[in-house]
Amino acid sequence: MNIQIFGTKKCQDTRKAERYFKERKIPFQFVDLTVRGLSKGELDKVRAAVGGLENLIDKTGKEYEKRNLKYLVHNVEEMLLNHPLLLRTPVVRNGAKATVGYCPEVWGGWS
Numbered sequence: 001m002n003i004q005i006f007g008t009k010k011c012q013d014t015r016k017a018e019r020y021f022k023e024r025k026i027p028f029q030f031v032d033l034t035v036r037g038l039s040k041g042e043l044d045k046v047r048a049a050v051g052g053l054e055n056l057i058d059k060t061g062k063e064y065e066k067r068n069l070k071y072l073v074h075n076v077e078e079m080l081l082n083h084p085l086l087l088r089t090p091v092v093r094n095g096a097k098a099t100v101g102y103c104p105e106v107w108g109g110w111s
């Protein structure tokens, strides 16, 4: 397995996801969204796995509110690429498979 966890250190669900993989001694790579976001290719693969961009954008988050996206017409893909903090976290990837949020029931079936 080649697990990647995209999230922030402040996000409680991201920390829970890290703990889940550490407890099972499954190696993973943590990608801090405050430092680097998803590439276009990564975003496309995650979008295909989770069923669209609307499942990826965090409409209840501080970043969404800060950018006033509730009131603006915007390209969701472009916003997610340019402002990775708009993503719902954690985004956990295992090759072509991906989840958004804390999903241990899905991760358990990946091994």
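The sequence shown runs contiguously to residue 111 in full-length UniProt numbering.
For every residue, glycine included, the Cβ atom is placed at its ideal position computed from N, Cα and C.
Given the structure is predicted, the values throughout are model-derived calculations rather than measurements.
Asked: Spatial neighbours of ALA49 within its chain, please: CB distance less than 7 Å, with the 5 preceding and 5 following residues excluded, ordered by chain position.; Found: ALA96, LYS97, ALA98
Asked: Starting from VAL50, follow the alpha helix (DSSP H) in both directions and report where the run begins and ends.; Found: 40-50
Asked: Quick check on the burial criterion: 16 or more other C-beta atoms within 10 angstroms. Buried or exposed for PRO90?; Found: buried
Asked: Please classify THR99: does DSSP put it in a helix, a strand, or coil?; Found: strand
Asked: So, is LEU72 buried or exposed, given that buried needs 16 or more other C-beta atoms within 10 angstroms?; Found: exposed
Asked: For the alpha helix (DSSP H) that contains ASP13, what are its first and last residues?; Found: 12-23
Asked: Could you tell me whether the Cβ atoms of LYS70 and LYS59 are closer together than 9 Å?; Found: yes
Asked: Residues in its own chain within less than 7 Å of CYS11 by CB, not counting five upstream and five downstream?; Found: THR89, PRO90
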